[in-house]
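Below: one structure, written as structure tokens.
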Amino acid sequence: MTQKRHIYLETYGCQMNVADSEVVLRVMHDAGYDRTDEMVKADVIFVNTCAVRENAEERIYGRLGAFRNRKKTKPGVVVGVLGCMAERLRKDLMESESHVDLVVGPDEYRRLPQLVENAFAGEKGIAVRLSRVENYDDIVPLRTDGISAWVSVMRGCDKFCTFCVVPFTRGRERSRTLTGVVKEVSELSFRGFKEVTLLGQNVNSYRDGDNDFANLLASVARIDSFMRVRFTTSHPQDMSDKLVHTIAEYPNICNYIHLPVQSGSDRILQLMNRTYDLGHYLKLVERIKRAIPGVSLSTDIISGFPTETEDDHRMTLDLLRRVEYDGAFTFKYSPRENTKAWHMGDDIPDEVKAERLNEIIDLQREISLRKNRELVGKTVEVLIEDESKKSPKDFCGRTDTNKMVVFSKNGSCVGQYVHVNIEKANSATLFGNEISHN
Ligand code: SAH
Ligand code: SF4
Ligand code: F3S
């Protein structure tokens, strides 16, 4: 009998990539490959990549260096670059990195076993066609049992924000079937998962026949009332009242919405082609806060988009103060070749981008701290996810509103819902003591 081959896989980028890697592992598993966490044991090394900002790609070049060394020691190993950077750079990547055998974009994963076979026979391969229909609806992602699972419900993006490579690396929007998603989540519930996050670059555009994202969310929420349902990312333009009311209606749909705004200046929003203005965004936030009391909101912000002035930047700070997000993911603008913004130049010096970014981060930290401190003395419900990394005496988990809580163990176990009395808080974490299980 021949020995089983082993695949080693590293994943970078967003949760969509994490979900895709589980599809890749399934496809490879069905072709006879077992996963290994040790690169030295691998016959195949894959890296699932991100191209969203330059620093994401730089990090991957660093990893490719490590794989080159591995290939020097074991020349027979097949090295494959998957995902968004593969799709963006295509044959350039193959030419600049001579030890790479395969360059495979996000819609070509079904072909991996064949491509790997060819690579073992000495034939390099590039597969970067984007599809209008591929959604891997029939492939059951290969997951390790746990508490929380990512479930991709739609792929691609049609928004074409001027700064963003995703429409180019992931292609056009397409949705999985509602029945396919419901079946997958039902199986996850049966296996003991306690939380699912429905994923798409723009989940609000989900559509399967007459069913929109609100219908999908409701169908998923009805599967198991003890299973938390999260979703990301919501585009502010397509967030319907129906969706807001669905979130409010089902107790197991988490009261947390990631609603990236990118900038607080209408002029910049227009240059970004975000398709909403501040008036629309603020009204939406009002409607959400009214319909879902205690809702937690987070956002993405880009600092230093082309032509951004101090005034534009102040407007972003003002917006943070007005909305009072619970958290924000913040990025320095990174020009990406072939996007519209690429042609607008990159006129904001790096120091200015960094200075503005720091102001945004400092302000948001203050706001997050204030909001978290409001919870001190209160009791929150937490789904236990894991042992705390800092102390084996503590657990960590999150509230429905996605706040991380660290608390002392008190006879409960991972996967349970417990009540925790909050005693202190910083801007990122709440700390407390468990008072009971459910
Ligand atoms: N589809 C999601 C997320 C896309 S990528 C959305 O629309 O919100 C995640 C975040 O990366 C974006 O929200 C944006 O803030 C940031 N981003 C994307 N392209 C970027 C670029 N060229 N430079 C800096 N940040 C970028
Ligand atoms: Fe990129 Fe905009 Fe699509 Fe988000 S909505 S993935 S930022 S193009
Ligand atoms: Fe990166 Fe691709 Fe996700 S560019 S952010 S891995 S969709």
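Counted the way my numbering counts, the sequence shown spans residues 2 to 439.
We put the beta carbon where it would ideally sit given N, CA and C, even for glycine.
Comparing C-alpha positions only, which one of MET345, VAL129, HIS420 sits nearest to ARG112? VAL129
Best match in THR198, LYS290, ASN216 for proximity to SER206 [C-alpha to C-alpha]: ASN216
Across which residues does DSSP place GLN263 in a beta bridge pair? ILE302
Tell me whether CYS165 counts as near ligand 1, meaning its Cβ is closer than 6 Å to at least one heavy atom of that ligand. yes
Relative to the C-alpha of LYS75, which residue among PHE232, HIS100, ILE254, ASP93 is closest? HIS100
Please determine whether the Cβ atom of TYR334 lies at a distance below 6 Å from any heavy atom of ligand 1. yes
Taking GLU360 as the reference, give the member of PHE164, VAL79, LEU384, THR331 with the closest Cα. THR331
Between ARG144 and ARG175, is the Cβ-Cβ spacing less than 7 Å? no
I want to know whether the region 162–171 touches the region 324–343 - three or more CB-CB distances under 8 Å. yes
Note down the Cα distance separating MET2 from SER235, rounded to an integer number of angstroms. Here MET2 scores only 47 on pLDDT, less than 50, and its place in the model is too uncertain to base an answer on.
C-beta atoms of ASN203 and SER226 nearer than 7 Å: no
With a cut-off of 8 Å, do at least 3 Cβ pairs link the region 286–303 to the region 315–326? yes
Contact check, VAL45 vs VAL82, beta carbons under 7 Å: no
Which partner residues does MET405 have in the DSSP bridge list? ARG399, THR430
If you follow the beta strand (DSSP E) that LEU83 is part of, which residue opens it and which one closes it? 79–84
Rounded to a whole number of angstroms, what is the C-alpha to C-alpha distance between ASP363 and VAL19? 30 Å
Any idea which residues DSSP pairs VAL197 with across the strands? ALA150, VAL230
VAL419 to TRP151 span [Cα, whole Å]: 23 Å
Would you call the CB atoms of LEU131 and ASP108 closer than 7 Å? yes
Extract the residue ranges of the alpha helix (DSSP H) inside the region 321–379, only unbroken runs of 4 or more that lie entirely within it. 351–374
Who are LEU26's beta bridge partners in DSSP? LEU26 pairs with nothing; no bridge assigned.
7 Å Cβ shell around CYS189 - same chain, five flanking residues per side excluded: Sequence inspection shows Leu at residue 189; the Cys mentioned does not correspond to that position. Cβ neighbours of LEU189 beyond the five flanking positions: ALA150, VAL197.
Can you list, in chain order, the stretches of the beta strand (DSSP E) that have 3 or more residues and sit fully within the region 92–117? 103–105
Tell me whether the beta-carbon of VAL1 lies closer than 7 Å to the beta-carbon of GLY412. The requested residue 1 does not occur in the structure, where the chain is confined to residues 2 to 439.
Taking DSSP as the reference, what is the three-state secondary structure of LYS425? strand
What's the gap between the Cα of HIS281 and the Cα of LEU321? 15 Å
At a Cβ threshold of 7 Å, is LYS372 touching chain D? Any reference to chain D falls outside this structure, which holds one protein chain only.
Quick check on DSSP: helix, strand or coil for THR460? As shown, the chain starts at 2 and ends at 439. That puts residue 460 outside it, with no answer to give.
Between the Cα of GLU382 and those of LYS390, SER369, ARG399, SER389, spot the shortest distance and give me the residue it belongs to. ARG399
Nearest to LEU199 (by Cα), restricted to the options LYS425, ILE258, LEU431, ASP242: ILE258
Pull up the distance between the alpha-carbon of GLU352 and that of VAL25, whole angstroms please. 40 Å
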